[in-house]
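*Asks:* For the sequence shown, our numbering puts the final residue at 172, and the numbers step up evenly by one.
Note that CB positions come from ideal geometry on N, CA and C, so glycine has one too.
The model shown is predicted, which means the values in this text are computed figures rather than measured ones.
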Amino acid sequence: MTPLKYLQGYPASLQEQVRQLIAGERLGDYLAQRYGGRHGVQSDKALYAYVMALKQAHLKNAPAIDKVLFDNRLDLTHRALGLHTTVSRVQGGKLKAKKEIRVASLFREAAPQFLQMIVVHELAHLKESDHNKAFYKLCEYMLPDYQQLEFDLRLYLTWRDLQSNTPT
């Protein structure tokens, strides 16, 4: 039985359906059919504008974001596809907190829906720090098909792993 490390929290019946797609070499076709194409957000400057547009549309009262960038150091070995951080610095006699969002570089090549999903995820952390019910409700408010996109992103990561392990 093929271990599906990105799908471990899902029901066994769903994992079995994914195994059947993999065995029939249809997982890549499924993803290409649903999520064909790449987005045009390729630079940190474009990513910042993209994030700020989503923030303005859904989270006007959330704290300001000071920095947004694609990060080459974020990857699946660190179990992070995106990261939200608060960097505190002393300026004069005051403590200033700067908020940053970092998105794994693999999203430069991903479908636009996957980039949107990870950005929505990180933006939701501005309001809700934990992955709780309120967090996922906020994600679904910003992106109504968030749950499906999160699942399909896990399928995409599984497919990427299979591609990198396939001899050429």
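1) Could you pull out every residue in the same chain whose Cβ sits closer than 6 Å to the Cβ of His88, ignoring the five residues on either side in sequence?
2) Give me the Cα-Cα distance between Ala16 and Asp165, rounded to the nearest whole angstrom.
3) Please list, in chain order, all residues of the same chain as Leu153 whose beta carbon is under 8 Å from its beta carbon, the five residues on each side excluded.
4) Between the stretch 93-103 and the stretch 33-43, are three or more C-beta pairs nearer than 8 Å?
5) If I'm right that Tyr145 touches His62 with Cβ under 8 Å, what's the distance once you round it to whole angstroms?
6) Please state if the CB of Leu73 and the CB of Asp48 are separated by a distance shorter than 7 Å.
7) Tell me the rounded alpha-carbon separation between Val107 and Gly28.
*Replies:* Quick look at the numbers:
1) Within the same chain, His88 has close Cβ partners Ile105, Glu126, His129.
2) Rounded to the nearest angstrom, the two C-alpha atoms are 20 Å apart.
3) Taking Leu153 as the centre and dropping the five residues before and after it, the same chain places the C-beta of Gln117, Phe118, Gln120, Met121, Leu147 closer than 8 Å to its C-beta, in chain order.
4) no
5) 7 Å
6) Going by C-beta atoms, Asp48 is nearer than 7 Å to Leu73.
7) 32 Å
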